[in-house]
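Engineer:
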Amino acid sequence: MRLLEHEAKAVLKGSDLPIPSSQLITNIYHGSLPVVLKSQVPVGGRGKAGGIKIVSDKGILQTTIDAILALPIQGYLPKTILAEEVITIERECYLSLLIDRDSATIRLIAHPEGGVEVEQHTTDFLNIPITLQSIDDSAQQAAARLQLPVDLVTPFIAKLFATFIRSDATLIEINPLILTKNNSLICGDCKMELDDSASFRHPDWKAYENQASSANFVILDPSGTIATIANGAGLAMATVDAVAAHGMKPANFLDIGGGATAGTIIAAFSKIMEFPDIKAIVINIFAGITRCDEVAKAILEAKKSITKLPPLYIRLAGTNFEDAVSILASENIPTLATLEECLLAAKAEVTHE
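The sequence shown begins at 1 in our numbering and counts up one residue at a time.
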């Protein structure tokens, strides 16, 4: 689950990490000027897309707010705007913590130059493992790379690492990390992703706008092109792996479990429709407790509720399979005999082959 900027910064503030003064607005701002207005959507590139504006003139304040609220970015339309104080910047840096699954470590990434052009730097990042025991040594290396005093960087990284662990984060990216004119550090922006599978430990996550629809719905890639629905964790994982093995980008993992209802399927489709780049949905059901005819009826109900669904590629097997095929065929919804056929058809849809 990726947090909105204001949600991520609230987490940082709770850990006594420095953030700019701000307020969250829906359509009207009554604070002082100048102010930075930032679209609250869960994607990067907001500045280049026109979703971040500095306003100094009261005469254009409301028109700027209205323009940001009406501007979709990568398919996301903001519900709110973060109105922040304008920070006097001496220098911008880059700092992040993330989980590297290949090495099963938490990595500390740092670069002395941050901001919107940080992607241009590809080879000269500090990239080292960090643990609770190595914080001081890691902070020294980071301070050297960031060209900042150790006594400024060490407590910052210690708090950031503690926040990462306590929050069950998979990524915390501070970009820019701002060095102010009076030699203090402020988190100018923050991208934070949390481990959905740890949601049972965090009832407060239910307040997040972009929360997962259920513990069984895991976001794998917000820019993925193929959504998946399956029953049973093993089959759901196999379906995701098969999508990737066919050269496509799975957006999610979803195990609808046993006893799927129309509500279950509608909730799944609704969550999938939040992904901006979905081109096809692969449904892979092996019926036992969940009956195929019940799934088919749920799919019909869901299609009536959500009219702009991407193409469905459905493989059903098991209990009441024949009834399910008839139910779907009556509404001109085809089924395919194997998952392989579903994947090839979905790939043709994505690539227009």
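Where is the CB? At the ideal position from N, CA and C, for every residue including glycine.
If I follow the unbroken beta strand (DSSP E) through A83, where does it start and stop?
Structural biologist: I81 to E85
Engineer: Measure from the alpha carbon of I52 to the alpha carbon of each residue in A110, G59, A162 and G115, then state which is nearest.
Structural biologist: Put simply, of A110, G59, A162 and G115 the residue whose alpha carbon is nearest the alpha carbon of I52 is G115.
Engineer: Over the uninterrupted beta strand (DSSP E) stretch that includes F253, give me the two end residues.
Structural biologist: N252 to L254
Engineer: Sort out for me which residues DSSP pairs D100 with in a bridge.
Structural biologist: By DSSP's assignment, D100 forms a beta bridge with T105.
Engineer: Check the DSSP bridge columns for F217 and list the partner residues they point to.
Structural biologist: L254
Engineer: According to the Cβ coordinates, are C93 and P155 closer than 8 angstroms?
Structural biologist: no
Engineer: DSSP on S362, reduced to helix/strand/coil?
Structural biologist: Nothing about residue 362 can be read from this structure; the chain reaches only from 1 to 353.
Engineer: Below 8 angstroms, can you find three or more Cβ-Cβ pairs linking the stretch 270-283 to the stretch 336-352?
Structural biologist: Under the Cβ criterion (8 angstroms, minimum of three pairs), the stretch 270-283 counts as touching the stretch 336-352.
Engineer: Cβ atoms of I73 and R46: under 8 angstroms apart, would you say?
Structural biologist: Yes, these two residues count as a Cβ contact at 8 angstroms.
Engineer: What first and last residue would you give for the beta strand (DSSP E) that runs through E193?
Structural biologist: C190 to L194
Engineer: Using only CA atoms, which one of I226, I327 and T351 lies nearest to L309?
Structural biologist: I226
Engineer: Helix or strand or just coil, what does DSSP make of S39?
Structural biologist: Strand.
Engineer: Is the stretch 320-330 touching the stretch 264-280 in the sense that three or more CB pairs, one from each, lie closer than 8 angstroms?
Structural biologist: no
Engineer: Out of L152, L132 and L179, state which residue places its alpha-carbon closest to the alpha-carbon of T163.
Structural biologist: L132
Engineer: Determine the DSSP secondary structure at I266, reduced to helix, strand or coil.
Structural biologist: DSSP places I266 in helix when its eight states are reduced to three.
Engineer: Could you round the C-beta distance between D277 and P250 to whole angstroms and report it? I think they count as a contact, below 8 angstroms.
Structural biologist: 12 angstroms between Cβ atoms; not a contact.
Engineer: Measuring only the C-alpha atoms, how far is G288 from V295?
Structural biologist: 11 angstroms
Engineer: Which ranges would you report for the beta strand (DSSP E) in the stretch 264-320 if only whole runs of at least 3 residues count?
Structural biologist: Counting only runs of 3 or more, we get 280-287 and 312-318.
Engineer: Excluding sequence positions up to five away, which residues of its chain have a Cβ less than 8 angstroms from the Cβ of A212?
Structural biologist: Since pLDDT at A212 reaches only 46, below the 50 mark, its modelled position is unreliable, and the value read off the structure follows with that caveat. Counting only Cβ-Cβ distances below 8 angstroms, and skipping sequence neighbours, we find M1, D196, S199, V218, I219 and K271.
Engineer: For K53, does the three-state DSSP call read helix, strand or coil?
Structural biologist: DSSP places K53 in strand when its eight states are reduced to three.
Engineer: Do K191 and A8 have their beta-carbon atoms positioned less than 8 angstroms apart in this structure?
Structural biologist: In contact: A8 and K191 (Cβ atoms closer than 8 angstroms).
Engineer: Considering only residues of the same chain and omitting the five flanking positions on each side of I229, which have a CB-CB separation below 7 angstroms?
Structural biologist: L254, I256, A268, I281 and I283
Engineer: Could you tell me which residues DSSP pairs with N127 in its beta bridges?
Structural biologist: I109
Engineer: Leaving out five residues before and five after I172 in sequence, what residues of the same chain have Cβ atoms less than 6 angstroms from its Cβ?
Structural biologist: L97, F164 and M192
Engineer: Leaving out five residues before and five after I65 in sequence, what residues of the same chain have Cβ atoms less than 8 angstroms from its Cβ?
Structural biologist: Same-chain partners within the cutoff: I25, N27, I28, Y29, L37 and I81.
Engineer: Can you list, in chain order, the residues of its chain whose CB lies under 7 angstroms from that of I54, leaving out five sequence neighbours each side?
Structural biologist: P34, V36 and V86
Engineer: State the start and end residues of the unbroken beta strand (DSSP E) segment that holds E7.
Structural biologist: Here E7 belongs to no beta strand (DSSP E); instead the alpha helix (DSSP H) covers E5 to G14.
Engineer: Confirm, please, whether the CB-CB distance from P18 to S138 is below 8 angstroms.
Structural biologist: No, the pair does not count as a contact, with Cβ atoms beyond the cut-off.
Engineer: What is the DSSP secondary structure of T154, reduced to helix, strand or coil?
Structural biologist: helix
Engineer: For E84, count neighbouring Cβ atoms within 10 angstroms of its own Cβ and tell me buried if that reaches 16, exposed if not.
Structural biologist: buried
Engineer: Which residues bound the beta strand (DSSP E) around A366?
Structural biologist: This structure cannot speak to residue 366, because the chain is shown only from 1 to 353.
Engineer: Find the nearest neighbour of A158 within the set S22, T264 and L95, judged by alpha-carbon distance.
Structural biologist: Ranking S22, T264 and L95 by Cα distance to A158 puts L95 first.
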